[in-house]
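Numbering that gives the first Met the number 0 applies: residue 0 is where the sequence shown begins, and numbers increase by one.
Encoded as structure tokens, the structure appears first; notes follow it.
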Amino acid sequence: MSAAGDVKNTLSHLMPHLGRFWTSPLKDYACAIHDVESYRDGYTARSEAMSLLQKCVERAALRSGADQQEAQQAASQLAASPIIQSGPHCHLLIEPDAFYTHLFSLLGLRAHGLRWHVCYSASTVKFIERTKKGPGWLHLEGEVVNVFGLPRSRMDSYNICGFNGPYRFMLSGQKCGEPANEAAARLKAILPNTEFASAANAIKAGNQALWGKAFPPQVRLLQLDDIDVADLVADHLEDPGSWFSTRFVGDGLFAHCIFEEIDNLNAGPWAGWIRRTTDLFWELVEGKIFPLRLRDKVLSGGYGSQFAVGFEPVSIAAALRRREIVPSLLTTFLVTSILPGVRVLGGCRQTVYYPLMRYVVATALERLGERDLLNALGADIRPGVWGHRVLKPSHGYPFLEIEKNGSVLDLLSNYGEQPLAQACGDLASFTSDPVWAELSTCIGNGTIHSRSPEWQWAQLS
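Take a look at the structure:
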């Protein structure tokens, strides 16, 4: 069996709902995973989490150019159809992994008549994620393009959420300050010609321009990044009676239960899926993020760091507002998905680590007797599904396809009819991942199976 075939078997084993879609048109799978129950009230913690997330979405819609009524419609849609695309990192839309994922999401959104494409894009990533790949790079006409015209020293260790600008779209090649080629010059003419405090803000503004140029006006783009989530977490913490203030922070017991469960996972067959790279938040300083550790009710930096913030709601909220800290991925998914009950669409890693995050949170809730919220989580249906790099053409050139077609509508028709097994390509993001290889081995020898207790909170059958 091919490596891709092995991955398909592994996916179908852990996610039984997938099996019937491999030979079906891609549009059918997109429609199915966008078919989600509306938000159900009844649990205080979940109600307050959804209300605050709606306010976060409303703010983001206003910043994107929506008027007040449109922004409220975006917030209302989130409750009526609680789903967020969380796969692509904060890249320009025409980066292939991002572009084809947004096309896939459009298939589902249009099938259900949804007006807003709500995305969370991680912005704690660096400009370079691997060689000549990442938010700082594009490939146009066979040439590597430097999106912001930055020297290598600015790209290696800096994170795009940092407010250490100004940043401006340059799309330069070997000759600094000039567009790399004709395609880069044409793209640059579409992107905003202004300076931004952070690269993430520049990318979000650029994406709005690209969306308006090539994507159907019936669907609006709404982008959240880690700074938006920082404000969302602060909203929780500034309410002294919120679940986040009284339980998640509280006396620190919940956090320590989370850490213990993550350590337990990493001591067994699920090792490597959730790593304790930082404790709940990152320090953000001069454009770089650094890990924090929670000890004696204080979040502090590592060796040589002078940074420290008390682990109590007011102090954490203030540090978030000052952009001194940003949420970790676990904290982000807690406030955008697990607490409010929102389905998230993700890629090869997220399809596994997100259900394990739910397991970690649920186990901590059970240990502390939080039955109401535990019951709410238990009622979720397919809270996290595969929805990133589901469409992955072997030779995809997004900007060329946009210029050739003028709009993505024809692309939607063409790609939507392809069987899922064809549309997903060689599944290289899975087959080249050593953690996925280990997972396949563990499934093969029975160490991990669909009835494993750690997998029960995936709720994917």
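Backbone N, C-alpha and C define an ideal beta-carbon position, used for all residues, glycine too.
Closest in C-alpha terms to V313, from the list F243, L139, T350, D409, comes F243.
In this structure, the CA atom of P290 is about 45 Å from the CA atom of S412. Under the criterion of beta carbons closer than 8 Å, A375 and Y42 qualify as touching, at roughly 4 Å. The alpha-carbon separation between G377 and S85 amounts to approximately 22 Å. Taking the Cα of F280 as reference, the smallest distance to any Cα among W272, F306, G271, G267 is reached at F306. About 22 Å separates the beta carbons of A110 and Q222, which is beyond the 8 Å limit, so they are not a contact pair.
Just so you know, the alpha carbons of G249 and W269 end up roughly 29 Å apart. Along the length of the stretch 260-330, whole beta strand (DSSP E) runs at least 3 residues long occupy 280-284, 287-290, 292-294, 297-299, 307-309, 324-326, reported in chain order.
For the 9 Å CB-CB criterion, G161 and G286 form a contact. When DSSP states are grouped into helix, strand and coil, W136 belongs to the strand group. Comparing alpha-carbon positions, the option among F20, G240, P216, N200 lying closest to D225 turns out to be N200. Runs of the beta strand (DSSP E) lying entirely within the stretch 337-376 and spanning at least 3 residues, in chain order: 342-345.
By the Cβ-count criterion, G205 is buried, with 16 or more other Cβ atoms from all chains shown falling within 10 Å of its own Cβ.
Note: P418 is bridge-paired with P24 in the DSSP secondary-structure output. When the beta-carbon positions are compared, P354 and L438 stay at least 9 Å from each other.
Taking all protein chains in view, the Cβ of P433 is surrounded by fewer than 16 other Cβ atoms within 10 Å, so the residue is classified as exposed. In the structure shown, Q217 falls within a coil segment according to DSSP collapsed to helix, strand and coil. Leaving aside the five residues that flank G251 on each side, the residues in its chain whose CB is nearer than 8 Å to its CB run, in chain order, L293, K296, F310. I82 is bridged by DSSP to R342. Distances from the alpha-carbon of A188 to those of L408, K212, C175 put K212 closest. Within the same chain, no Cβ atom closer than 8 Å to the Cβ of K132 is found once the five residues on either side in sequence are excluded. Here F126 is actually not in contact with L91; their C-beta atoms are around 12 Å apart, not less than 8 Å.
Contact check for T430 and A2: beta-carbon distance about 4 Å, within the 8 Å limit, so the pair qualifies.
Beta-bridge analysis with DSSP links Y119 to L223.
In the structure shown, F195 adopts extended strand secondary structure according to DSSP, grouped into three states.
The Cβ neighbour count for H255, taken over all protein chains shown within 10 Å, is under 16; the residue is labelled exposed. Sorting S197, V146, E194 by C-alpha distance to the C-alpha of N180 places V146 at the top. The stretch 232-243 makes contact with the stretch 319-338, as at least three CB pairs between them are under 8 Å.
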